[in-house]
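2 protein chains.
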Amino acid sequence: MNSSTILEPPGRQELAEARSRVGRYAHRTPVLTSSHFDRLTGAELYFKCENFQKVGAFKFRGACNAVFSLSSDELERGVVAHSSGNHAQALALAARLRGTRATIVMPENASAIKVAAVRDYGADVVFCQPTQEAREGETARIVQETGASLIHPFNDSRIIAGQSTAAQELLEEVAELDLILAPVGGGGLLSGCALAAHYNSPRTRVVGTEPAAADDAARSLEAGRILPAVPPATIADGLLTSLGELTFAIIRDHVERIVTVDESAIIAAMRSVWERMKIIIEPSSAVPVAALSSGDLDVRGRRVGIILSGGNVDLDRLPWQA
Amino acid sequence: MNSSTILEPPGRQELAEARSRVGRYAHRTPVLTSSHFDRLTGAELYFKCENFQKVGAFKFRGACNAVFSLSSDELERGVVAHSSGNHAQALALAARLRGTRATIVMPENASAIKVAAVRDYGADVVFCQPTQEAREGETARIVQETGASLIHPFNDSRIIAGQSTAAQELLEEVAELDLILAPVGGGGLLSGCALAAHYNSPRTRVVGTEPAAADDAARSLEAGRILPAVPPATIADGLLTSLGELTFAIIRDHVERIVTVDESAIIAAMRSVWERMKIIIEPSSAVPVAALSSGDLDVRGRRVGIILSGGNVDLDRLPWQA
């Protein structure tokens, strides 16, 4: 796969290759059930726990697929990305496992903890001004100077195929799912879920879930073009990004719709999962859980898969304590 | 089994019966591993997740075994216990599942949340003064008036056999464990673990772990008699109780020793499990994890089972935020 094909949707073959490639390095995360949430919703719920994934989020799947599909020439020149979130750590770890060098462009004001985590995985960190323009400029400069492969966090066919492996595993483990719910930020996870269902379980519908306070994906689908999420203000800080061209096209073609939920519902759902299931999920993961009770989605009697996207939370500042 | 035998240690037969009885109603909780904690300790660690058990703690196992081993005559008269902790909810749920009535004696100053939880499981709550004397007096009165069976939270052979099923499952799932670590409060869980290893895996040593601030079990074993934990002051509020005669005798005969850990190590271990394993454990569960790094226990190269006893935490007040 060369750079011209990374902006085309991955096909059946690419998904199968990703499943095999990612399966060797990522955790096959458990699928949990909860009699509490089943009672509450009248549905049969299956929670795919990407909060237990390496680096604490599904992002490792995409990064792993992208890095392990590079040629040996490409591997010699390393990989680069700009990210201050889970993609940065995911790419750093995938590069270390593959024995290549990762350079992560981070804003000067990134938290010390996140910078340290990326460095712990062996990546080089390059700082830039905290603007989108500066990040992209610095990243482009590194690509030009070093020939490193740019690994975009979501608008990349290899990343989407990698993220699809969470839903692929879920569909292998739980037969006859009626519905899969996933959060949508940049759309890598949601478009991966949509393609996994499209190719591996066509009867399974896929619905995206999004904070009402950052509802750019819902509005973009309605408008038929990508609308930016400005200024997004949600506690679900993994979902601030706007869709990319590739994820937009896949979601438009294969996702039934986007359900939005408000901030208080996200916080309540997050707390409820912590209390009842005794697992730590980040706010973005609580978005599909909140959607279950939004009144905007009829799940009674259905078999519903939910992707819990990650578990990276600042334990000093919990949202219900604000 | 009648009331004279509930103060004798359960034997091989009682443990096997408990395994079968409890297995029908309790969750077979997962055993998790963590490359982070393996690296940190140089051991192979296997975490038995009783935080995922019904009512959020191993206590359901003992209550379930006790209630389901009652005769139909006894069932007609119901069960009673005094408890403001996990045993109260565990007994209430077990009684509901068995179709008998539970009466729980709770101190007037018990938190509203705990009272509501017990009532949610269908038990009757009777309040008393918040002294040990008042609790025991009120409980004895109910036993006398109603003929209900008193189900002690730990000093009861049926309870100990029930708690042993956590370690029995762990030993079935993970072969050749060198060591099992469990927290000790009243000693029901620890003595159950010790008997499970004694009968089912004699090569496996069992070590208790206890807060230094409530080290009555360690001191009792040293003194050769039960010493009260007065005044215990630990964040591990599941471990405040002193040993009973039965649990003392079993622990004396079958537990290698007790390792104590200080409060700051308990809090650090709890936070570390939350951050790295993305699961919610209560402070008592963090006690054996803290013991791993105490310097008082050499686990390098060993296969070590750890019982994570429960996950009931007040999410509004986390210990590292105090």
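Sequences listed follow chains E and L, in order.
Residue 1 is where the first sequence starts when you use the working numbering, and the numbers rise one by one after that.
Residue 1 is where the second sequence starts when you use the working numbering, and the numbers rise one by one after that.
Yeah, the Cβ is synthetic: ideal placement off N, Cα and C, and Gly gets one too.
Remember, predicted model here, so these are calculated numbers, not experimental data.
query, result
"For glycine 56/E, return the contacting residues in chain L, with the cut-off set at a CB-CB distance below 8 Å.", "Lys278"
"Taking its Cβ as the centre, do 16 or more other Cβ atoms sit within 10 Å of glycine 310/E, making it buried, or is it exposed?", "buried"
"What is the DSSP secondary structure of proline 288/E, counted as helix, strand or coil?", "helix"
"In the DSSP assignment, find the alpha helix (DSSP H) that holds aspartate 253/L and state where it starts and stops.", "245-254"
"Can you tell me where the beta strand (DSSP E) with glycine 305/E in it begins and where it stops?", "303-308"
"Give me the chain E residues within the contact set of glycine 185/L, using Cβ-Cβ distance strictly less than 7 Å, ordered along the chain.", "Those within 7 Å of glycine 185/L in chain E number zero; the least Cβ separation is about 20 Å."
"Is any beta-carbon of chain E found at less than 8 Å from that of glutamine 132/L?", "no"
"Can you give the Cα-Cα distance for glycine 162/E and valine 22/E, rounded to whole angstroms?", "7 Å"
"Please determine whether the Cβ atom of glycine 208/E lies at a distance below 7 Å from any heavy atom of the ligand SAM.", "As far as ligands go, the structure on display features none, and thus does not contain the ligand SAM."
"Under 8 Å by Cβ, that's how I've got isoleucine 279/L and lysine 278/E pegged, so tell me the actual separation to the nearest angstrom.", "6 Å"
"Under 8 Å Cβ-Cβ, which residues of chain L neighbour glutamine 144/E?", "Those within 8 Å of glutamine 144/E in chain L number zero; the least Cβ separation is about 37 Å."
"Determine, using beta carbons only, whether methionine 1/L comes closer than 8 Å to chain E.", "Bear in mind that the predicted position of methionine 1/L carries a pLDDT of just 48, short of 50, making it unreliable; the figure below should be weighed with that in mind. Methionine 1/L does not count as touching chain E."
"Does any residue of chain L bring its CB to less than 8 Å from the CB of leucine 315/E?", "yes"
"Determine contact between the stretch 261-269 of chain E and the stretch 283-300 of chain E, defined as no fewer than three beta-carbon pairs at a distance below 8 Å.", "yes"
"Enumerate, from N- to C-terminal direction, the unbroken alpha helix (DSSP H) stretches of 4 or more residues contained entirely within the stretch 173-241 of chain E.", "188-200 and 216-223"
"Cβ closer than 8 Å: which chain L residues qualify as neighbours of glutamine 89/E?", "Ordered by position in chain L, no residue passes the 8 Å Cβ test against glutamine 89/E, which lies about 13 Å from the chain."
"Using alpha carbons as the reference points, say which of Asn86/L, Lys54/L, His87/L and Leu97/L lies closest to leucine 75/L.", "Leu97/L"
"To which residues of the same chain is alanine 95/E closer than 6 Å at the C-beta, ignoring the five residues directly before and after it?", "Val67, Val79 and Ala102"
"Rank Glu50/L, Arg28/L and Ser157/L by C-alpha distance to the C-alpha of threonine 5/L and give the top, closest one.", "Ser157/L"
"List the DSSP bridge partners of leucine 32/L.", "Phe47/L"
"Whose Cβ in chain L lies nearer than 8 Å to the Cβ of phenylalanine 47/E?", "Near phenylalanine 47/E there are no residues of chain L at all, since even the closest Cβ is about 12 Å away, more than 8 Å."
"With distances taken between CB atoms, is the gap from threonine 247/E to glycine 186/E smaller than 8 Å?", "yes"
"Threonine 153/E by DSSP, collapsed to three states: which one?", "Note that residue 153/E is proline in the sequence shown, not threonine. Of the three classes helix, strand and coil, the one that applies to proline 153/E here is coil, per DSSP."
"Valine 255/L and serine 294/L - do their beta-carbons sit closer together than 8 Å?", "no"
"Express the C-alpha separation of glycine 244/L and alanine 223/L in angstroms, rounding to a whole number.", "15 Å"
"Comparing the C-beta of proline 30/E with each C-beta of chain L, is any distance below 8 Å?", "yes"
"Under the rule that 16 or more other beta-carbon atoms within 10 Å means buried, what is leucine 315/E, buried or exposed?", "exposed"
"Examine the Cβ distances between the stretch 15-34 of chain E and the stretch 134-147 of chain E and report whether three or more of them are shorter than 8 Å.", "no"
"Could you give the uninterrupted runs of the alpha helix (DSSP H) lying entirely in the stretch 67-105 of chain L, keeping only those of 4 residues or more?", "72-77 and 86-98"
"Would a check of beta-carbon distances place arginine 271/E closer than 8 Å to chain L?", "yes"
"Starting from aspartate 124/E, follow the beta strand (DSSP E) in both directions and report where the run begins and ends.", "124-128"
"By DSSP's criteria, isoleucine 258/L is part of a beta bridge. Which residues make up the other side?", "Gly208/L"
"Take valine 31/E as the anchor and find which of Phe52/E, Gln13/E and Gly11/E has the nearest alpha-carbon.", "Phe52/E"
"In chain L, which residues lie less than 7 Å from phenylalanine 52/E when you measure between Cβ atoms?", "Lys278"
"Looking only at C-alpha atoms, which of Gly192/L, Val299/L and Asp237/L sits nearest to proline 319/L?", "Asp237/L"
"Straight-line CA distance for serine 272/E to alanine 148/E?", "43 Å"
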